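In this note's numbering, the protein residues as written are 17 to 504.
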């Protein structure tokens, strides 16, 4: 039976509806109250009322730093031999309890008698004398290793082992200290709070860094569009073709080549611009300011795209109005040839890089085999297109192999790889990071290649390659979603 106040008491019968048993609630409340009373009793033993755990932790950190900075002199070694206690002075708490003053454990609920099997131990934080079972060497003072300096910094730190916020591996420079079972949960809570705060600050900094990086990439592509569009307009305006002009292609096709290149480059810049802007949708802002900033950037860039894309389409329409069909077909044929060649080179290089990472880290080769199949489809359509144009396929294959080799190995030129995982993250997370990197990066590249091929070539050409790239992208996105669901 439990007593309740007049406000909560009701003598009327309860209506049919929700029923709640309060017995377990009151039992938990009573148990929590008893635990608080017990904790308050333990606090009064050996710990002054002005005890501050942060002050004691700072004392240990400073002492540990000083012990690392100076080498022990002969005087320090002699004093260590003469001293009755083997505890360094910097490890002694302000309320240090002398071991000889206690014959039993200080903890009220223990009271075990000290002997050879149950030795005495001083807590390095509060200083009370406890038995072996009421304390543990779980307080770690350390200097972070090189691969974890970004997380912990260069200065000495503290952590409770096996709790969120401690190093993943034992650092090279470290020291284990003994703490009592009263100080340990307090330090655990403090460590968890600091870890959550650091994680939140890291997410904010990471999201802002990603936002600035994406904005920088968009500005680079935007400057290329601003530079290329006037040149394309100048080429179209300077193309003087009248009804009396010859209806066949001239032997000197330099102007047509320049026009085709300018048109293809502009399409590439617009496609890349769309891909860079779409990366803003994948951001996960951690504040309202970041949400507004990303929305403003997206709106501004979409306005730029619509305005310049409209000008580009008008120039293409102007070219169609003044140029004979034969010249337009010749320009498009040049654009188609370059497009399928670039798509074939790109997907083949991605296949080589993916297979290399799968073999290096012993991953499932299903992803690499799917990309290789798509690459074979693109090669088949490129071979058919070159045969129609009367070009040498064997020579093209040799040039493609040489180009991919230069892209991957360099050989005097800068390497240009599609898949470059971070060495730091690979060292920290291993295969898990590489798998996540491939599942995120490869679909993005496949989407970029498919978008480039679809936008630059006419609809009736290279249908098998477009379908294969679209199927590959869908498969990769589905596998990525399945992996995310399994993590959850």
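Just so you know, even glycine gets a beta-carbon here, dropped at the ideal spot from N, CA and C.
Computed from a prediction, not measured in an experiment: that's the story for all the values here.
Residues bridged to residue i [DSSP beta-bridge criterion]
| i | result |
| --- | --- |
| residue 157 | 174 and 191 |
| residue 145 | 138 |
| residue 120 | 129 |
| residue 196 | 151 |
Continuous alpha helix (DSSP H) stretch holding residue i: start and end
| i | result |
| --- | --- |
| residue 113 | Element bounds for residue 113: n/a, residue is neither H nor E. |
| residue 338 | 304–338 |
| residue 464 | 447–472 |
| residue 164 | It is not in any alpha helix (DSSP H) - residue 164 carries neither H nor E in the DSSP assignment. |
| residue 84 | 69–85 |
Beta-carbon proximity check, residue i vs residue j, cutoff 7 Å
| i | j | result |
| --- | --- | --- |
| residue 296 | residue 230 | yes |
| residue 469 | residue 359 | yes |
| residue 190 | residue 227 | no |
| residue 366 | residue 480 | no |
| residue 436 | residue 463 | no |
| residue 324 | residue 241 | yes |
| residue 106 | residue 79 | yes |
| residue 356 | residue 398 | yes |
| residue 82 | residue 109 | no |
| residue 196 | residue 129 | no |
| residue 288 | residue 237 | yes |
| residue 249 | residue 331 | yes |
| residue 275 | residue 347 | yes |
| residue 466 | residue 486 | yes |
| residue 434 | residue 461 | yes |
| residue 135 | residue 160 | no |
| residue 153 | residue 194 | yes |
| residue 280 | residue 354 | yes |
| residue 492 | residue 458 | yes |
| residue 278 | residue 315 | no |
| residue 147 | residue 121 | yes |
| residue 172 | residue 223 | no |
| residue 482 | residue 352 | no |
| residue 211 | residue 181 | yes |
| residue 409 | residue 402 | yes |
| residue 446 | residue 163 | no |
| residue 455 | residue 414 | no |
Whole-number beta carbon distance between residue j and residue i, since they are thought to touch under 8 Å
| i | j | result |
| --- | --- | --- |
| residue 283 | residue 471 | 5 Å |
| residue 364 | residue 484 | Between residue 484 and residue 364 the Cβ distance is about 13 Å, and since that is not below 8 Å, they are no contact. |
| residue 199 | residue 150 | So it is not a contact: roughly 11 Å between Cβ atoms. |
| residue 450 | residue 379 | 7 Å |
| residue 361 | residue 419 | 6 Å |
| residue 424 | residue 368 | 7 Å |
| residue 177 | residue 203 | Wrong, their Cβ atoms sit about 11 Å apart, outside the cutoff. |
| residue 293 | residue 328 | Contact flag wrong, Cβ pair sits at about 16 Å. |
| residue 373 | residue 381 | Going by Cβ atoms, the distance from residue 373 to residue 381 rounds to 10 Å, so no, they are not a contact pair. |
| residue 13 | residue 174 | Residue 13 lies beyond the residue range present for the chain, which begins at 17 and ends at 504; the question has no answer from this structure. |
> Which runs of the alpha helix (DSSP H) fall wholly inside the stretch 406–442 and span at least 4 residues, in chain order?
Replying inline: For secondary structure counted as the alpha helix (DSSP H) over 4 or more consecutive residues, the stretch 406–442 holds these complete runs in sequence order: 409–425.
Practice prompt. Within the stretch 377–410, note down every full alpha helix (DSSP H) run reaching 4 residues or more, in order along the chain.
Written response: Counting whole runs of 4 or more residues, the stretch 377–410 contains the alpha helix (DSSP H) stretches 382–405.
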